[in-house]
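In numbering that gives the first Met the number 0, the protein residues as written are 0 to 176. Glycine residues also receive a C-beta, built at the ideal position from the N, C-alpha and C atoms. Nothing here was measured: the structure is a model prediction, and the numbers come from that model.
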Amino acid sequence: MRLRPNAVKDMAAAVGWLASNVAVMGDSYGGYMTLVALTRFPDKFKAGVAFSAVSNWVTALQAAMPQQRAMDRIEYGDVDDPEDRRFFAELWPMRHLKNVRAPLMVLHGANDPRVPVSEADQVVSAIRGQGGDVEYLRFPDEGHGLRYGSKLSNRIIAYRRVAAFLERTLGLATARQ
Numbered sequence: 000m001r002l003r004p005n006a007v008k009d010m011a012a013a014v015g016w017l018a019s020n021v022a023v024m025g026d027s028y029g030g031y032m033t034l035v036a037l038t039r040f041p042d043k044f045k046a047g048v049a050f051s052a053v054s055n056w057v058t059a060l061q062a063a064m065p066q067q068r069a070m071d072r073i074e075y076g077d078v079d080d081p082e083d084r085r086f087f088a089e090l091w092p093m094r095h096l097k098n099v100r101a102p103l104m105v106l107h108g109a110n111d112p113r114v115p116v117s118e119a120d121q122v123v124s125a126i127r128g129q130g131g132d133v134e135y136l137r138f139p140d141e142g143h144g145l146r147y148g149s150k151l152s153n154r155i156i157a158y159r160r161v162a163a164f165l166e167r168t169l170g171l172a173t174a175r176q
């Protein structure tokens, strides 16, 4: 009972620790936002995990399946319109990957109908080409994201690897020790 005030002190210490020990992670559009965060705010994050992320809006929209491309045109714009294309060029993380300093983990399904796996391939290739720290999990038997009908065995592999990656990059002691 007498130690209850320490709970608030623990919370304050956690917030202080988090401010300097933050990773960013997202899936699909959240994966895109992860890449943007690492390229635009390279000093804010110690690591990033991007699932099924768009890295170049032009190549992603051009390679999308026809029905997906029609929906994307409504939501994002027309890749064939020169003004939209210029706007996409401002947005894509590929143009700014040289800014990435934090370790990155990329996960993608090879059969992704929404975001072509080539989006992940080009990010991984670029980060490796500049000597960056990148881990890549490319699932040959998955589609978009690791949810909605994805294989349980793939989800277990993915989330164990993500946990190990975050433990390593954030300097956390593992629970298994």
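- Relative to the Cα of residue 140, the nearest Cα in the group 60, 109, 100 and 159 belongs to 109.
- With contacts defined as CB atoms closer than 7 Å, residue 61 and residue 78 qualify as a contacting pair.
- Only residues of its own chain outside the window of five on either side were considered, and among them 54 and 55 have a CB closer than 6 Å to the CB of residue 93, listed in chain order.
- With fewer than 16 other CB atoms across the displayed protein chains lying within 10 angstroms of its CB, residue 89 is exposed.
- With respect to the 7 Å criterion, residue 104 and residue 74 are not classified as neighbours on the basis of their beta carbons.
- Counted as a single uninterrupted DSSP element, the stretch harbouring residue 15 is not any beta strand (DSSP E) but the alpha helix (DSSP H) occupying residues 4-18.
- When the Cα atoms are used, residue 115 and residue 64 turn out to be separated by approximately 9 Å.
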